[in-house]
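Everything on this sheet refers to the single structure shown next.
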Amino acid sequence: MKARIWNHRSWIGETDAHRLRERFDVLLRQAGFGLVGFSEAHFEPHGYTAVWLLAESHFALHTFPEEGRSYCELSSCNRQKFVALIELLEPHEIT
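Taking the numbering used here, I'd label the letters of the sequence shown as residues 2 to 96.
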């Protein structure tokens, strides 16, 4: 396997931690990623960070409720699964 990582960064207009976790759990599986770990942190007075450890690298999510948006970042060594996730994201979600 050639050492190569594909990266995608975007902002989405959702900040609800529960909805985001459920949505990305489903999307990552639909794209074919192997989920090997998950960690999350809730912050006061608000904010949420989650990291999915993937067999193919990782996906991170950080909410900014005061701005009404969240930052997500995918790193993947598998181009096919990387492209599949990007295509699954609804066009209006990406900014």
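Think of the CB as a built atom: it goes at the ideal place given N, C-alpha and C, for glycine as much as any other residue.
query: Along the chain, where does the beta strand (DSSP E) containing Arg1 start, and where does it finish?; result: Beyond the ends of the chain as shown, which are 2 and 96, falls residue 1; an answer cannot be given.
query: Note down, one range per segment and in chain order, each alpha helix (DSSP H) of at least 4 residues found wholly within the region 28-93.; result: 80-89
query: I'd like to check one pair, His47 with Glu67: are the Cβ atoms closer than 9 Å?; result: yes
query: Check each candidate in Cys78, Leu90 and Leu86 and name the one with the smallest Cα separation from Arg5.; result: Cys78
query: Pick out whichever of Phe60, Leu21, Leu54 and Phe83 has its Cα sitting closest to the Cα of Val37.; result: Leu54
query: For Arg70, which residues from the same chain have a beta carbon less than 6 Å from its beta carbon, with the 5 sequence-adjacent residues on both sides left out?; result: Trp12 and Gly14
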